[in-house]
Amino acid sequence: MKFLVVDDSLTMRRIVINTLKTIGYAEVVEAGDGKDAMAKLLSEGADFLITDWNMPEMNGLELTKWVRANAQYGNMPILMVTTRGNKEDVIEAMKVRVNNYIVKPFTAQGLKEKIDAILKTVETKPA
Amino acid sequence: MKPDEMNAIVKKVEELRALMVFAQRTMPFLEDVFAFVTEIVPLLDVLRSSVESTSEKLPKASKQLDKVTTATEMASTEILNIVEGMYAKIDRLRAEQDRRHKVIAEAKEAVQRLGKLAGEHRTSGDAHAAGENAMHLLETVIPTAEAAAELESIQSDCTNIMIALQVQDITAQPIAAVNTLMQSVDEGLNRLMRHFSKTTAEHDESKYRHRRLDIVFDVSAEYDGTGDRQKAADDVIEETKRNGIPQPNRPRRKRRH
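Protein chains in written order, with the working numbering: chain X, 771 to 897; chain F, 339 to 595.
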């Protein structure tokens, strides 16, 4: 499974990518903001999107809206990983149809559980 | 002198007298105003120099904040480099363990075959003993389950160190927020300064533009290791899945009777 990790912080991208490797996902593409992510998705493809919210150029919410409206990637699993933990923020993210939501700082176990839960839902969802 | 002219002079004298009475009454008040101005002018001067000095210090403070963020980012990068190096070493050790397992399994098979051959050829008991000894020695160099568990534990420690480095991204955001706040305070002080002096100096935004502070930030970002914020987010997600996304509260219309 190929992951697309989007965050404007290089440190955060490295942390997420290394954590993914430790839980068994080695194939990863990375992007520094929403626009970069759009280009990477179209050129390199991905099966799972992990995105930050606050980013320059195009934020995580706008990226999610774009992905959901895309014919090829509209049903792609999306996990938002952000510092924003207010109720209104979570609702806002759910409105644009992220599959799940992680508030930073996350743990390796927490990230694994969220990915597993999303994949389980996606797999069991009738076509 | 004509009576009209006399009357005019008397009227003027009356007016002058009234003016003097008024001046006599207002004199203490004017004295107070004068005393107040005498006191306030040095105070305004102090205020002006204080505003000036604060306005000069703010960009320096902004630079200091940038140094903090830069240092934290550099330290995080260095730690991440080390952790990634340790992951690579752990992978190499695991690969080496796997290789040893295979080599030892092959060596044991070879020893067993030798023992069988020794039995078939009825060689001395020494050959059997040597074979058994070789098998025993091979058993001792097999990487144990404990060694594998140790490697697992070291990898887990590495992951925990790496996970803790999220503090860099999380703290950089409130620091960037403080920088923006300082910039607007400086802007306000600059406007105030124009009332005090003839300065035409404009607020210089570039003094607050630092690559590491010029980020899209979340003011509410906090490093909370309790998991409470995640729990609260999970509760909202569950509620949303159960009851749908809540609609924003609209003001209720009054019913007309």
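Glycine included, each C-beta is placed from N, C-alpha and C at the ideal position.
If you're wondering where the values come from, they're calculated on a predicted model, not measured in any experiment.
- Assigned with DSSP and collapsed to three states, Val873 (chain X) falls in strand.
- The beta carbon of Gly457 (chain F) sits no closer than 9 Å to any beta carbon of chain X.
- Taking C-beta atoms as the reference points, Ile553 (chain F) and Pro826 (chain X) count as a pair closer than 9 Å.
- In this structure, the alpha-carbon of Leu403 (chain F) lies about 36 Å from that of Leu811 (chain X).
- Beta-bridge pairing by DSSP links Leu381 (chain F) to no other residue.
- In the three-state reduction of the DSSP assignment, Met850 (chain X) falls in the strand class.
- Following the DSSP letters along the chain, one finds Phe818 (chain X) inside the beta strand (DSSP E) bounded by residues Phe818 to Thr821.
- By the CB criterion at 9 Å, Val873 (chain X) and Thr853 (chain X) fall inside the cutoff.
- Under the three-state reduction of DSSP, Phe374 (chain F) is assigned to helix.
- Between Val776 (chain X) and Ile787 (chain X), the C-beta spacing is not below 9 Å.
- Counting of Cβ neighbours within 10 angstroms places Gly855 (chain X) among the buried residues, the total reaching 16 or more.
- Beta-bridge partners assigned by DSSP to Val776 (chain X): X:Ala801 and X:Thr821.
- One alpha carbon belongs to Leu833 (chain X), the other to Val851 (chain X), and they sit about 13 Å apart.
- Tyr425 (chain F) sits in a helix when the DSSP states are folded into three classes.
- Remark: C-beta atoms of His548 (chain F) and Lys401 (chain F) approach each other more closely than 9 Å.
- Of the candidates F:Asp436, F:His474, F:Asp429 and F:Tyr425, F:His474 places its Cα closest to the Cα of Val449 (chain F).
- For secondary structure counted as the beta strand (DSSP E) over 3 or more consecutive residues, the segment 385-410 of chain F holds no complete run.
- Of the residues X:Met846, X:Met808, X:Val860 and X:Lys882, the one whose Cα lies closest to the Cα of Ala570 (chain F) is X:Val860.
- Nearest C-alpha to Pro397 (chain F) among F:Leu551, F:Val574, F:Leu382 and F:Glu353: F:Leu551.
- Here the alpha carbon of Trp823 (chain X) sits roughly 15 Å from the alpha carbon of Lys857 (chain X).
- One alpha carbon belongs to Val798 (chain X), the other to Leu881 (chain X), and they sit about 15 Å apart.
- With fewer than 16 other Cβ atoms inside 10 Å of its own Cβ, Met344 (chain F) counts as exposed.
- Nearest neighbour of Thr408 (chain F) by Cα position, chosen from F:Gly463, F:Asp507 and F:Gln493, turns out to be F:Asp507.
- Each of X:Gly830, X:Val866 and X:Thr789 was checked against the Cα of Ala801 (chain X), and the nearest Cα belongs to X:Gly830.
- Within chain F, the residues Gln568 and Ala571 have their CB atoms less than 9 Å from the CB of Ile872 (chain X), given in chain order.
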